[in-house]
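Here the structure is laid out as structure tokens; the discussion comes afterwards.
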Amino acid sequence: KIMKDKYRLHISEDGLPQSLEEPEFYTGIDEGMTKFINSTIRSGQIIEYDGNIIIIGDVNPGALIKARGNIIILGTLRGVAHAGIDGNDQAIVAAYNLQPTQLRIANIIGRRPDGEIIASGLPEVAKVYDGEVFIEPYLPRK
Numbered sequence: 150k151i152m153k154d155k156y157r158l159h160i161s162e163d164g165l166p167q168s169l170e171e172p173e174f175y176t177g178i179d180e181g182m183t184k185f186i187n188s189t190i191r192s193g194q195i196i197e198y199d200g201n202i203i204i205i206g207d208v209n210p211g212a213l214i215k216a217r218g219n220i221i222i223l224g225t226l227r228g229v230a231h232a233g234i235d236g237n238d239q240a241i242v243a244a245y246n247l248q249p250t251q252l253r254i255a256n257i258i259g260r261r262p263d264g265e266i267i268a269s270g271l272p273e274v275a276k277v278y279d280g281e282v283f284i285e286p287y288l289p290r291k
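Using our numbering, you'd call the opening residue of the sequence shown number 150 and step up by one each time.
The structure is reproduced here in structure tokens:
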């Protein structure tokens, strides 16, 4: 309950899905072409790329980011992000702070719950588990 409330994690009452018990991060995601953008993406801007996108800056509300691969934001996501636009449900969306108006991976749409969001202070990663988009803090393994 504490993890769910504090970090807005989706945790099953029956325990974690098997895919969460033994994390194999980013399996099925291949290296590929990557577009780097070194600026904040403003409202009305659309960024689309046939590979991965890395944004060094924020994505403001009203902005749209679409990638066939992963979307990594070294800042805050407040706009719309769609990773895996070709149906790749292994794609991820990661940011220092995920506050999207809409977040989509493959054909699965997710968004933050309404209400106050308590920041974890850690970067966050959105990925698909069992047909749903989950947002979790990024906890690097040592």
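The beta-carbon is built from N, C-alpha and C at its ideal position, and this holds for glycine as well.
Checklist entry - Bridge partners of Q251, per DSSP? => result V229
Item to check | Contacts around G224, its chain only, beta-carbon distance under 8 Å, and the 5 residues preceding and following it disregarded | outcome: T189, I204, I205, G206, D207, V208, A244, Y245 and N246
Next on the checklist: Starting from V274, trace the beta strand (DSSP E) in both directions and tell me its first and last residue.
Outcome noted: E273 to Y278
Checklist entry - Under the rule that 16 or more other beta-carbon atoms within 10 Å means buried, what is R290, buried or exposed? => result exposed
Checklist entry - Could you give the distance in angstroms between the alpha-carbon of E281 and the alpha-carbon of A230? => result 15 Å
Checklist entry - Exposed or buried, what is G181 when buried is set at 16 or more other beta-carbons lying within 10 Å of its beta-carbon? => result exposed
Next on the checklist: Using 8 Å for Cβ pairs, my map puts R191 next to A212. What's the rounded Cβ distance?
Outcome noted: 6 Å
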